[in-house]
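A.B. asks: Numbering (my numbering), first residue to last: 3 to 96. Here a beta-carbon is modelled for each residue, glycine too, at the ideal position from N, C-alpha and C.
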């Protein structure tokens, strides 16, 4: 037969084991929560960086478009000046 002392030791050991299990489970949950918070933080940082990169890209694209338009206008103006000069030369020869 099991004595009260042995029963108390067994119950005490079981309580200690259950307490350790809950403690380990709690630590695991805390670690998972910390990992998730860290992951979320990295995702938000990445999203912000991508937004900034997109904004910079949009600004650069707008600038390149303006440069293209200005170069096209200058090229057309140069072409017109060249045609006028050629016509003036032809008229002077006549």
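#1: What did DSSP end up calling residue 91 once you bin it into helix, strand or coil?
#2: Let me know the secondary structure DSSP gives residue 96 once reduced to three states.
#3: Return the CA-CA distance between residue 42 and residue 49, expressed in angstroms with no decimal places.
#4: May I ask you to report which of helix, strand or coil DSSP gives residue 4?
#5: Distance check for residue 33 and residue 13, CA to CA, integer angstroms please.
C.D. replies: The structure says:
#1: Per DSSP, reduced to three states, the secondary structure at residue 91 is helical.
#2: Here residue 96 sits in coil by DSSP.
#3: Approximately 10 Å between the Cα atoms of the pair.
#4: DSSP places residue 4 in coil when its eight states are reduced to three.
#5: Roughly 30 Å separates the two Cα atoms.
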